[in-house]
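Numbering follows full-length UniProt numbering, in which position 41 of the sequence shown is assigned residue number 41; successive positions increment by one, without gaps.
Cβ atoms here follow ideal geometry from the backbone N, Cα and C, with glycine treated the same way.
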Amino acid sequence: MSSVVNLVEYLGTEMRSFDELPFGAVDSAALAELAMANPCGIVPMLPGDAVEAACVPFAGAADGAGFAGDAAVDSAEVVGIADATSTRAGCLPEGDSVGVGGDAARADAAKVRRGAKGLLGLLRGRGLPRRAEADDADGCALTDGDAPGFRDLLRAECFPGMFEGLQPDKLKEALYALAASPRFRSVRLRDAASVFDEERQNQFFAVTYVVPGRFAYLAFRGTDTSITGWRENFNMIYDYPVPAQKQALAYLLAVAGRVDEPLYLGGHSKGGNLALYAALMAPPEVQRRILRVYTHDAPGFRRDAIAQKRWEALRDRIYRMAPQESTVGLLMDTPVPLHVVHSTGVGIMQHSLHTWEVNPEGDGAFVDAGSLADGALSSAASMAVWLDQYSDEEARKIVESLFAAIEASGAHESTELLMGGVKTIGYIAQAARTMDVPHRDTLVAALAKLAEIAARGAVGDFAVSVGLRKRDDEGDPDALVGGAT
């Protein structure tokens, strides 16, 4: 065995059981990666009545009653979530369920309450997978009633619709490795849930992996290749919470009511953000069951969007990872230590979990990169300072202008942009010339401001402000906060 391996090689060579080697960050990465595969009717869907029975708490609700007053209005904001009649009061004990009080609690709750009426019944109506019905007709669905394992997904007739994302071939390799692995042989797949709505810019998928009697891992899918999925990512800059975050909370509460095992949550990219949001917003009785939340190169939240006491409730159970040249994982605010992983990728390809190196010896952890690259810190600093220049409304106009340019470019999937290299800038610049004047002027001015900020640089102060570095005794930014494992 070589000194380091990649994710698929880890799955093919790690023979220890979860008794011998407890579940860890690399296992989370493998399961988060497989959440990118479409279940194609093979994995049982989360029953709508299970979600309807879940109590969706809105922590910090001023009346302490869960669903009351304006907490039960405007279901249109959440797509694929159940009827208003599904909501019920009495979900919270008297007072704030997580000890967040005062104005911060009420402000927190006011944001989450939007769309509360529709937060139940995740698989009603448009909450079904896009391909489920067609693939069932092709004979992919299981008929024996048992929860499938990874080997049950190995159906060649389902493969054309199963593997997507930036690296579909790598995803297929990961599935074969999981199916062959003695470590993952007892894992059962269940409670898949999916929402995709282009009009509402909403993409959500989650699935639960269970090792009976040991643990359940709730995996939240990251951004797929659709422009819709990436648009929802950008919407997080000015809108909180976005529909997928609300759906993640509903999913956690529903699954927590269906399994008895302790819980792990995790996801890659946007999936990590969704896992973290759900855990932070869950009521204490659910939070107590959470062993750890894993975020793999995931964006954070708008600064001060989530009350500090919510972070404190889970701080020691959040394991945040990003590669040394991370871009996505440094966006916005995540006030917990960062573990920096060594990646063999170049540029944006470091975002791929398949480029993250694993040490197969000992505890089978990711290889420690030591610290973030200066370029990653510089880019993140520029982006943070740039975003601070704008109000939510101004940020919304910039995002709308950017995606107007993307639409004008003719791109239908993110791969056309992410894999375009330097040509991407040309595509968008050319498309911008065809845009209406307000959109064009907004985009040009915003990009000019970003270039100006990047030229100035603010790495040290930024790194300290977001907790990536601390100041030494002489006041200079120094050591990285949090070891890398």
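V112 - DSSP class collapsed to helix/strand/coil: Residue 112 sits at position 112 when you count from the first residue of the sequence shown. Bear in mind that a pLDDT of 33 at V112, under 50, signals an unreliable position, so the model cannot answer this.
Backbone CA spacing between L178 and D27 [nearest angstrom]: For the purposes of this step, residue 178 is taken as the residue at position 178 of the sequence shown. For the purposes of this step, residue 27 is taken as the residue at position 27 of the sequence shown. The alpha-carbon atoms of L178 and D27 are separated by roughly 10 Å.
C-alpha distance - D297 paired with R440, whole-angstrom precision: For this step, residue 297 is matched to residue 297 along the sequence shown. For this step, residue 440 is matched to residue 440 along the sequence shown. When rounded, the distance between both Cα atoms is 31 Å.
DSSP three-state assignment for F184, whether helix, strand or coil: The residue labelled residue 184 in the question sits at position 184 within the sequence shown. Here F184 sits in coil by DSSP.
Residues sharing a beta bridge with G267, DSSP: Taking the sequence shown and counting its residues from 1, the one referred to as residue 267 is at position 267. F220 and T295, per the DSSP bridge assignment.
Contact belief for G24 with D260 at Cβ below 8 Å, rounded distance in angstroms: Translated into positions along the sequence shown, residue 24 becomes position 24. Translated into positions along the sequence shown, residue 260 becomes position 260. The pair is not a contact, with the Cβ atoms about 22 Å apart (cut-off 8 Å).
Identity of the residues DSSP links to T208 by a beta bridge: Here residue 208 refers to the residue found at position 208 of the sequence shown. BP columns for T208 point to R190 and L218.
Whole-angstrom distance between M321 and Y294, CA atom to CA atom: Taking the first residue of the sequence shown as position 1, residue 294 is located at position 294. Taking the first residue of the sequence shown as position 1, residue 321 is located at position 321. Going from the Cα of Y294 to the Cα of M321 covers about 8 Å.
Residue interval of the alpha helix (DSSP H) (run including A455): Walking along the sequence shown from the start, residue 455 turns up at place 455. Segment V437 to R456, the alpha helix (DSSP H) holding A455.
Proximity test, T442 beta-carbon vs the ligand ATP heavy atom, cut-off 7 Å: You won't find the ligand ATP in this model; it holds no ligand whatsoever.
Assigned exposure category for V19 - 16 Cβ within 10 Å defines buried: Position 19 of the sequence shown, counted from the start, is the residue given in the question as residue 19. Note that residue 19 is Asp in the sequence shown here, rather than Val. That one is exposed.
Touching by the beta-carbon criterion (3+ pairs, under 8 Å), the segment 389-401 and the segment 334-346: no
Three-state secondary structure (DSSP) of D374: Counted from its first residue, the sequence shown places residue 374 at position 374. Helix, per DSSP.
Backbone CA spacing between residue 500 and A219 [nearest angstrom]: This structure gives no information on residue 500, because the portion of the chain shown stretches from 1 to 485.
DSSP three-state assignment for H342, whether helix, strand or coil: Walking along the sequence shown from the start, residue 342 turns up at place 342. Residue state, collapsed to three classes: coil.
At least three beta-carbon pairs within less than 8 Å, the segment 148-165 to the segment 4-12: no
Cβ-Cβ distance between V43 and R190 below 8 Å: The count along the sequence shown starts at 1 and reaches residue 43 at position 43. The count along the sequence shown starts at 1 and reaches residue 190 at position 190. Closer than 8 Å, so yes.
Contacting residues, own chain, Cβ-Cβ under 6 Å from Y277 (five flanking each side not counted): The residue you call residue 277 lines up with position 277 of the sequence shown. Taken in chain order, the residues that qualify are Q245 and A248.
Residues that DSSP places opposite F196 in a beta bridge: What you label residue 196 is simply residue 196 of the sequence shown in a count that begins at 1. Answer by DSSP bridge pairing, in chain order: Q203.
Cut-off 6 Å between Cβ atoms - residues of its own chain near M15, not counting five sequence neighbours on either side: Start at 1 with the first residue of the sequence shown, and residue 15 comes out as number 15. Excluding positions up to five away in sequence, the list reads P182.
Nearest-angstrom beta carbon gap, S401 and L443 [assumed within contact, 8 Å]: Mapped onto the sequence shown, residue 443 falls at position 443. Mapped onto the sequence shown, residue 401 falls at position 401. Right, the Cβ-Cβ distance comes to about 4 Å (below 8 Å), so this counts as a contact.
S3 classed as buried or exposed, judged by whether at least 16 other C-beta atoms fall within 10 angstroms: As a working mapping, residue 3 is identified with position 3 in the sequence shown. Per the 10 Å Cβ criterion, exposed.
First through last residue of the alpha helix (DSSP H) which encompasses residue 486: Lying before the first or after the last residue shown, residue 486 is absent from the chain, which here runs from 1 to 485.
As assigned by DSSP and simplified to three states, the class of Y390: Numbered from 1 along the sequence shown, position 390 holds the residue referred to as residue 390. Three-state result, Y390: coil.
Secondary structure of V5, DSSP reduced to three states: Here residue 5 refers to the residue found at position 5 of the sequence shown. Strand, per DSSP.
Reference A193, options R433, F205 and D368, closest by Cα: Start at 1 with the first residue of the sequence shown, and residue 193 comes out as number 193. Closest by alpha carbon: F205.
Euclidean distance between Cα positions of I227 and N38: Numbered from its first residue, the sequence shown carries residue 227 at position 227. Numbered from its first residue, the sequence shown carries residue 38 at position 38. Using only the alpha carbons, I get a separation of about 17 Å.
Rounded C-alpha distance that separates L280 from D304: To locate residue 280, count along the sequence shown from 1; it is residue 280. To locate residue 304, count along the sequence shown from 1; it is residue 304. Distance between the alpha carbons of L280 and D304: 13 Å.
Counted within 10 angstroms of its Cβ, other Cβ atoms place V346 as buried (16 or more) or exposed: Here residue 346 is taken as the residue at index 346 of the sequence shown, counted from 1. V346 should be labelled exposed.
Status (buried if at least 16 other CB within 10 Å, exposed otherwise) for residue 486: Past the boundaries of the shown model lies residue 486; the chain is included only from 1 to 485, so the question cannot be answered.
Assigned exposure category for E33 - 16 Cβ within 10 Å defines buried: The residue labelled residue 33 in the question sits at position 33 within the sequence shown. It counts as buried.
Per DSSP, cross-strand counterpart(s) of M349: Stepping through the sequence shown from its first residue, residue 349 is reached at position 349. Answer by DSSP bridge pairing: none, since M349 is not bridged.
Straight-line gap, A405 to E452 (C-alpha atoms, nearest Å): For this step, residue 405 is matched to residue 405 along the sequence shown. For this step, residue 452 is matched to residue 452 along the sequence shown. Approximately 21 Å between the Cα atoms of the pair.
Per-residue burial, T143 [other beta carbons within 10 Å of its own, 16 or more giving buried]: Indexing the sequence shown from 1 puts residue 143 at position 143. Legend: pLDDT at T143 = 48, less than 50; position of this residue unreliable, no value from coordinates given.
Close beta carbons around F403, own chain, < 8 Å, minus the five adjacent residues each side: Here the question's residue 403 lines up with position 403 in the sequence shown. If we look at F403 and ignore the five residues flanking it on each side, its Cβ neighbours are I227, R231 and F234.
Unbroken alpha helix (DSSP H) run spanning Y251, endpoints: Looking up residue 251 in the sequence shown gives position 251. Taken as a continuous stretch (DSSP letters only), the alpha helix (DSSP H) holding Y251 covers P243 to A256.
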